[in-house]
Amino acid sequence: MSYLRCVKASIKPLAFLLRHHEKLDTQGVVCYHIVVSKHISASKIPENLSRLRKSLRYTQKEFAKMAGLNSNYYAKVERGDSVPSLKTLYQIAKALEVSITDIVGF
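Counted the way the working numbering counts, the sequence shown spans residues 1 to 106.
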């Protein structure tokens, strides 16, 4: 299944993101072409976030501030205790200067 999803103020947590194609619509809203699969899990996100953050030599606290996130929340995401929303993944990817696909691992 494939559909276009635009990032808005309230987005439910990431469930089955496989890949995206980022673009801006005419109003500047970031849109993603998302391919959904029931076999995808968020299990690679914490490992990839930790690896990417450490490659930039940031502490969790420093990186959370740079990404505009609460440091306690970011630590939970990196431990795998919390699944980030698509909006949060976008913020993190932007701060890391990578694509969401790099974070999700597909």
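By construction, the Cβ of each residue, glycine as well, lies at the ideal position given by its N, Cα and C atoms.
All of these numbers come straight from a predicted model, not from anything done at the bench.
Close beta carbons around Asn48, own chain, < 8 Å, minus the five adjacent residues each side: Asp102, Ile103, Val104, Gly105
Going by C-alpha to C-alpha distance, which of Gly80, Val83, Ile92, Pro84 sits closest to Phe63? For the residues Gly80, Val83, Ile92, Pro84, the minimum Cα distance to Phe63 belongs to Ile92.
Supposed contact pair Leu96 and Leu52 - C-beta distance, whole angstroms, cut 8 Å: Your pair Leu52 and Leu96 checks out as a contact, with CB atoms roughly 5 Å apart and the cut at 8 Å.
The alpha helix (DSSP H) enclosing Lys87, as first and last residue numbers: 86 to 96
Inter-residue spacing [alpha-carbon to alpha-carbon] between Ile45 and Arg79: 9 Å
Could you check where the alpha helix (DSSP H) with Leu56 kicks off and where it finishes? Looking at the DSSP string, Leu56 is not in any alpha helix (DSSP H), and its letter there is neither H nor E.
Do Ser82 and Tyr73 have their CB atoms nearer than 8 Å? yes
On the CB-based measure, 16 or more other CB atoms within 10 Å of its CB, does Leu56 come out buried or exposed? Exposed, by the Cβ-count rule.
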